[in-house]
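Its first residue numbered 682, the sequence shown is counted upward by one per residue in the working numbering. From the three backbone atoms N, C-alpha and C, an ideal C-beta is built for every residue, glycine too. All of these numbers come straight from a predicted model, not from anything done at the bench.
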Amino acid sequence: MRLGLGLLGVLLVLAFAGPYLTSWRWDAVDLTAFRRPPSARHWLGTTQTGRDMYVLTLRGLRASLVTGLFVAVPATGLATVTGAVAGYFGGWADRGLTGIAELLLVLPPLLVVATLAPALHGAGLPVLAPLLAAFMWMVTARVVRGMTLSLRDREYVLAARLLGVRPVAIILRHIVPHLAPLLIVDVTLNVSTAVIAETSLSYLGFGARPPDVSLGTVIADGAPSAGAFPWLFLPPVTVLVLLVFAVTLVGDGLRDVLRRPA
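Structural data, given as structure tokens:
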């Protein structure tokens, strides 16, 4: 996990502080350098339109990181609320919420996005992020529901009921804290899943809209000429692989630590 945390820390610093190490802006164009290889003037080369690949890649990294967080946190939050309510109250609430989760599990997310492509075109990441979050909570919600079913019959929960504590307070004080290890790991792993999904959809044209970029759009722009001009393709791909690798290491490490008996 230390390797993952260290690598993730480096990527975070690069994403938010790295662009200030050079005088080039992500949207600036060098009219004297089109598809130039890496040099002292442009550390990772330039694109076919004269944009600096170093700051462009870091801009894409920052956009993908922010999107990953804006997808992972709401998805885990929705899974927590849905699973806890279904498991605690049971009855019609359980049947209704579980039915919605199972229905969404059947729908392929990419097909839904492709169907909504005309509406998404031009909307960019602000619409893509909540749409991705809407398809990433169902499995975790089922796990939360199962854990809540076992926790609601514990002595401290029954005692709180007898004392007249409101159900919402019982869920927040006595059930959700016991779910914290699962939720922490879920958020972490959802970040990498969201980054991959956002990159894939941006590659297909459903994510960041020009002139803004994400890792997916930078990769898509460089892919057709990757053989002749590898600096247009390798930097964003390398950053994407390192980011997913780092987040996965952190998630796996947290899962091992939190599962360890006290």
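### Length of the line joining the Cα atoms of T730 and A714
8 Å
### Task
Take L864 and list the residues in its own chain whose beta-carbon comes closer than 7 Å to its own, dropping the five residues that flank it on each side.
T757, T761
### Query
Helix, strand or coil for T727 per DSSP?
strand
### Query
Would a C-beta distance cut-off of 7 Å place V866 and G932 closer than the cut-off?
yes
### Task
Compare the beta carbon distance of A696 and T748 with 7 Å and say whether it is the shorter of the two.
no
### Query
Between I900, P862, N871, V925, which lies nearest to Y884 when the distance is taken from Cα to Cα?
I900
### Task
State the Cα-Cα distance for the pair L712 and S895, rounded to the nearest angstrom.
23 Å
### Message
Tell me the DSSP secondary structure of D893 in three-state form.
### Response
coil
### Task
Output the distance between the C-alpha atoms of A943 and L860, rounded to the nearest integer angstrom.
Reliability of the predicted coordinates at A943 is poor, the pLDDT of 44 falling under 50, and no value is obtained from them.
### Message
I need the straight-line Cα distance from G903 to P700, nearest angstrom please.
### Response
20 Å
### Query
On the premise that V838 lies in contact with I851, defined as a C-beta separation below 8 Å, what is that separation, rounded to the nearest angstrom?
6 Å
### Message
Can you tell me whether D711 is helix, strand or coil according to DSSP?
### Response
coil
### Query
From T703 to A721, what distance separates their C-alpha atoms?
11 Å
### Query
Hey, how far is the Cα of P807 from the Cα of R743?
15 Å
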